[in-house]
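Structure record follows, encoded as structure tokens.
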Amino acid sequence: METLTEVQVDPSKIMQIGMGFFASKTMLTAVNMGLFTLLATGELAGQSIKEKLGLHDRGLYDFLDTLVALGFLKRTGIKETAVYSNAEDADLFLDKNKPSYVGGMLEMANNRLYPFWNNLEEGLKTGKPQNETKTGEAPIFEALYADQSRLREFLKAMGGIQMGNFMMFAQVFDFAKYHTLCDAGGAGGYLAAQVAMNNQHMRCVTFDLPPVAPVAKENITMMGLSDRVSVQSGDFLTEDLPKADVITMGNVLHDWGAKEKKMLIKKAYDALPQGGALVVIENIIDDNRSVNAFGLLMSLNMNIETPEGFDFSAADFDGWAKECGFSHTSAMPLTGPSSTVIAIK
Ligand SMILES: C[S@@+](CC[C@H](N)C(=O)[O-])C[C@H]1O[C@@H](n2cnc3c(N)ncnc32)[C@H](O)[C@@H]1O
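If you read the sequence shown in the working numbering, its first letter stands for residue 1050, the second for the next number, and so on.
Take a look at the structure:
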């Protein structure tokens, strides 16, 4: 006899996650082709979308109606009489012409991560990265930065995925007793910019490798913040970090193995005054490693993307920070699966 619980167990979650790439790839393809950017200028009939995006008749309505069913498009009429428009979230976050665009990360997911994740099994069996470095040998940032369009795509992607966290952190963290901030691995300068915008007394440095500087300078100038945010080039593996009251690291520590993580935390400690703060913004995994699925998936992504990188919990961070001399640490949730962990010198 089957028990009631056995009868209620069904395979829908298994199928939903297992076949999730159908939905994921459909949405990523729409982002990549600029469908939501196109529809942000006004609603369009299926045939007009077909012409503007160069699509074939065969999959046209299946593609568009899948996006309706997934909630990214709205529609009146059906097939030949259908008129499509963006759903509210798609219009705000997936229109390339809006500053709220978060599709940079999705473009990178479509163009790089999707094919690389096809080799997850090999990554798990060898422990080796499965990205460009697999054939070309260059370390990840060198490989990414070797051409301008990949560099810009990567920096936009980073900005998109972290923007909500940066805004929230800049607004809720108490900067009253601090005057200077250095964002180590600051990419496009978005965190330094958010802190400066929300805290008029703060002067910030965004610190990253030399190829990133022109893009960061462009962004800071565009935001009118050049008087309080400066761009400094350097290599945090071989050089000291610039001295500041607050050192931030967004999605930096997860790129590296335990040895480099501790070295970077120690460099932050050395660059801070007594009472200074090291602020780490990442998809911090819950201490029991059973709830923050995205943090755990990001750690697998680090297996794909880096030689030794991995994501970590607040307890892991507390251990490393105390080893480096910090007196105490705390954690604060940010948006979605992200948190900040803070160590005070
Ligand atoms: C994953 S990205 C994170 C960017 C940004 N902080 C964020 O949260 O979106 C890591 C950053 O570290 C920078 N980086 C990597 N190696 C570096 C090095 N040796 N010295 C300085 N910056 C480095 C990269 O250029 C990149 O901008």
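Backbone N, C-alpha and C define an ideal beta-carbon position, used for all residues, glycine too.
As the structure is a computational prediction, the values presented were derived from the model and not from experiment.
Point to revise | Within 8 Å, strictly: CB atoms of V1301 and A1233 | key: Sequence index remark: in the sequence shown, residue 1301 carries index 252 (1-based). Sequence index remark: in the sequence shown, residue 1233 carries index 184 (1-based). Closer than 8 Å, so yes.
Review point. Do you know offhand how far N1350's Cα is from K1205's?
Key: Taking the first residue of the sequence shown as position 1, residue 1350 is located at position 301. Taking the first residue of the sequence shown as position 1, residue 1205 is located at position 156. The alpha-carbon separation between N1350 and K1205 amounts to approximately 18 Å.
Check your understanding: How many whole angstroms separate the CB atoms of T1078 and K1145, which I take to be in contact at a CB cut-off of 8 Å?
Key -> Position 29 of the sequence shown, counted from the start, is the residue given in the question as residue 1078. Position 96 of the sequence shown, counted from the start, is the residue given in the question as residue 1145. Actually they do not touch by this definition, with Cβ atoms about 15 Å apart.
Practice item. Please indicate yes or no: does the CB of Q1211 lie closer than 7 Å to some heavy atom of ligand 1? Key: Counting from 1 along the sequence shown, the entry for residue 1211 is found at position 162. Because some heavy atom of ligand 1 lies under 7 Å away, the Cβ of Q1211 counts as near it: yes.
Review point. Does the Cβ of D1284 lie closer than 7 Å to at least one heavy atom of ligand 1?
Key: In the sequence shown, the residue the question calls residue 1284 occupies position 235. Relative to the non-hydrogen atoms of ligand 1, the Cβ of D1284 comes within a distance shorter than 7 Å of at least one.
Point to revise | Inter-stretch contact at 8 Å, needing at least 3 Cβ pairs: the region 1264 to 1272 / the region 1294 to 1313 | key: no
Point to revise | Any chain D beta carbon closer than 8 Å to A1158 | key: Here chain D cannot be found, since the structure has a single protein chain.
Exercise for review: Out of A1392, M1154, R1252 and T1384, point me to the one whose CA is closest to V1221's CA.
Suggested key: Reading the sequence shown from its first residue, position 172 is the one you call residue 1221. Answer by Cα proximity: T1384.
Check your understanding: By DSSP, does E1181 sit in helix, in strand, or in coil?
Key -> Here residue 1181 corresponds to residue number 132 of the sequence shown, with the count starting at 1. It is coil, neither helix nor strand.
Check your understanding: Are the Cβ atoms of K1394 and G1325 separated by less than 8 Å?
Key -> Here residue 1394 refers to the residue found at position 345 when the sequence shown is read from its first residue. Here residue 1325 refers to the residue found at position 276 when the sequence shown is read from its first residue. Contact: yes.
Review point. Is the beta carbon of I1334 sitting closer than 8 Å to the one on D1304?
Key: As a working note, residue 1334 is residue 285 in the sequence shown. As a working note, residue 1304 is residue 255 in the sequence shown. Not closer than 8 Å, so no.
Practice item. Just the C-alpha distance for P1263 and D1140, rounded to the nearest angstrom, thanks. Key: Position 214 of the sequence shown, counted from the start, is the residue given in the question as residue 1263. Position 91 of the sequence shown, counted from the start, is the residue given in the question as residue 1140. Going by the C-alpha atoms only, they are around 30 Å apart.
Practice item. Whole angstroms is fine: what's the gap from Y1110's alpha carbon to V1132's? Key: Stepping through the sequence shown from its first residue, residue 1110 is reached at position 61. Stepping through the sequence shown from its first residue, residue 1132 is reached at position 83. If you take the alpha carbons of Y1110 and V1132, they lie about 11 Å apart.
Check your understanding: CB of I1269 to nearest heavy atom of ligand 1: below 7 Å?
Key -> In the sequence shown, residue 1269 corresponds to position 220, counting from 1. No, the beta carbon of I1269 sits no closer than 7 Å to any heavy atom of ligand 1.
Practice item. Express the C-alpha separation of E1129 and P1259 in angstroms, rounding to a whole number. Key: For the purposes of this step, residue 1259 is identified with residue 210 of the sequence shown, where counting begins at 1. For the purposes of this step, residue 1129 is identified with residue 80 of the sequence shown, where counting begins at 1. Going by the C-alpha atoms only, they are around 53 Å apart.
Review point. Which one or two residues does DSSP pair with N1135 in a beta bridge?
Key: Stepping through the sequence shown from its first residue, residue 1135 is reached at position 86. Answer is L1122.
Practice item. Note down the Cα distance separating M1271 from Q1065, rounded to an integer number of angstroms. Key: Residue numbering aside, residue 1271 sits at position 222 when the sequence shown is read from its first letter. Residue numbering aside, residue 1065 sits at position 16 when the sequence shown is read from its first letter. For M1271 and Q1065, the distance between alpha carbons rounds to 43 Å.
Point to revise | Per-residue burial, S1388 [other beta carbons within 10 Å of its own, 16 or more giving buried] | key: Locating residue 1388 in the sequence shown gives position 339, where the first residue counts as 1. With 16 or more other Cβ atoms within 10 Å, it is buried.
Review point. Nearest-angstrom Cα distance between E1156 and F1165?
Key: Residue 1156 sits at position 107 when you count from the first residue of the sequence shown. Residue 1165 sits at position 116 when you count from the first residue of the sequence shown. Their Cα atoms are separated by approximately 14 Å.
Check your understanding: Is DSSP giving E1331 helix, strand or coil here?
Key -> The residue labelled residue 1331 in the question sits at position 282 within the sequence shown. Looking at E1331 - three-state DSSP - the assignment turns out to be strand.
Review point. Closer than 7 Å: is that where the CB of M1246 sits relative to any heavy atom of ligand 1?
Key: The residue labelled residue 1246 in the question sits at position 197 within the sequence shown. Every heavy atom of ligand 1 is 7 Å or more from the Cβ of M1246, so no.
Exercise for review: Could you tell me whether the region 1331 to 1348 touches the region 1250 to 1259, where touching means 3 or more Cβ pairs closer than 8 Å?
Suggested key: no
Review point. Three-state secondary structure (DSSP) at A1148?
Key: Locating residue 1148 in the sequence shown gives position 99, counting from the first residue. Checking the sequence shown, residue 1148 turns out to be Pro, not Ala. The answer is coil: DSSP assigns P1148 none of H, G, I, E or B.
Practice item. Verify whether the separation of the beta carbon atoms of T1229 and A1320 is less than 8 Å. Key: Here residue 1229 is taken as the residue at index 180 of the sequence shown, counted from 1. Here residue 1320 is taken as the residue at index 271 of the sequence shown, counted from 1. Not a contact, by the Cβ cut-off of 8 Å.
Exercise for review: Under 8 Å by Cβ, that's how I've got N1135 and L1119 pegged, so tell me the actual separation to the nearest angstrom.
Suggested key: If you number the sequence shown from 1, residue 1135 lands on position 86. If you number the sequence shown from 1, residue 1119 lands on position 70. Actually they are not in contact, since the Cβ atoms of N1135 and L1119 sit about 13 Å apart, beyond 8 Å.
Exercise for review: Could you give the DSSP three-state label for D1196: helix, strand or coil?
Suggested key: Position 147 of the sequence shown holds residue 1196. It is coil, neither helix nor strand.
Point to revise | Contacting residues, own chain, Cβ-Cβ under 8 Å from I1353 (five flanking each side not counted) | key: Position 304 of the sequence shown, counted from the start, is the residue given in the question as residue 1353. Taken in chain order, the residues that qualify are L1162, F1165, W1166, N1168, L1169, G1172, P1178, Q1179 and N1180.
Exercise for review: Please say whether D1289 and K1316 have beta carbons closer to each other than 8 Å?
Suggested key: For the purposes of this step, residue 1316 is taken as residue 267 along the sequence shown, with counting starting at 1. For the purposes of this step, residue 1289 is taken as residue 240 along the sequence shown, with counting starting at 1. Between K1316 and D1289, the gap from beta carbon to beta carbon is short of 8 Å.
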